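Quick note: the sequence shown uses the working numbering, first residue 213, plus one each step. Ideal placement from N, C-alpha and C gives every residue a C-beta, glycine not left out. Computed from a prediction, not measured in an experiment: that's the story for all the values here.
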Amino acid sequence: MIVHTVQPLSIYWLMRDQGYYEGSSKYVCEDFKKPYDWMKAQMMDRIPDYQGSSYPVWVWKRTVNRNEECLLPTGQRGVILTLDIPDQQILWSCFESWHCILNDSPVTLNEAEWEKYDRENWANMQETWPRIFDFDLLKTIDPEWHNFDDNWVQGVTPKITMDQVKKVKRFIAK
Numbered sequence: 213m214i215v216h217t218v219q220p221l222s223i224y225w226l227m228r229d230q231g232y233y234e235g236s237s238k239y240v241c242e243d244f245k246k247p248y249d250w251m252k253a254q255m256m257d258r259i260p261d262y263q264g265s266s267y268p269v270w271v272w273k274r275t276v277n278r279n280e281e282c283l284l285p286t287g288q289r290g291v292i293l294t295l296d297i298p299d300q301q302i303l304w305s306c307f308e309s310w311h312c313i314l315n316d317s318p319v320t321l322n323e324a325e326w327e328k329y330d331r332e333n334w335a336n337m338q339e340t341w342p343r344i345f346d347f348d349l350l351k352t353i354d355p356e357w358h359n360f361d362d363n364w365v366q367g368v369t370p371k372i373t374m375d376q377v378k379k380v381k382r383f384i385a386k
């Protein structure tokens, strides 16, 4: 499957030197370690042969425009890699719903469900987190509450290799 990833230029150089790149905890914000560890556990359950030793490498189905803001810190040199990765090596999720997990919140389908979790002091909210993988369910969410956009589907994969690289676009982040 053709996908795209945004990486700092230094990561691309590392990848060229060693032939691959795996995600690393040193690139994960301390506040996000718990959500990333949860995602690693999901990857272990859903991606064949993934043992959980590396952190996720994020990829997109959509073509990434190097003129977009917030790809990397302003002024940082980076690359947008076009990759061909076997689909079974990618775990797809909703970008917007992933932010519920990053914020240690439930993934709710409507305001009433949110209020229920709020009343219960967020008990069992982690049971809602796998919803980020259920696109059919996410499409049924009350549009006044949340919008699922097919263009904002993200993926995680354990490793990217130089032989998967089909195109490299350099850029300076805006």
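Distance from the CA of Ala324 to the CA of Ile353, rounded to the nearest whole angstrom, comes to 12 Å. Between Tyr239 and Pro268 the beta-carbon gap is near 10 Å, outside 8 Å, which marks them as no contact.
A contact between stretches requires three or more CB pairs, one per stretch, nearer than 8 Å, and the segment 230–239 meets this requirement with the segment 257–271. When DSSP states are grouped into helix, strand and coil, His216 belongs to the strand group.
In the three-state reduction of the DSSP assignment, Tyr224 falls in the helix class.
The segment 250–309 contains, as complete beta strand (DSSP E) runs of 3+ residues, the segments 269–272, 289–296, 303–306 (chain order). Each residue's CA atom was taken as its position, placing Trp357 and Leu314 some 18 Å apart. Phe345 is not a Cβ neighbour of Phe360, given a cutoff of 9 Å.
Looking at the DSSP output, Gln338 sits in no beta bridge, so it has no partner there. Under DSSP, Arg382 takes part in a beta bridge, and its partners are Val291. Under DSSP, Tyr232 shares a beta bridge with Thr373.
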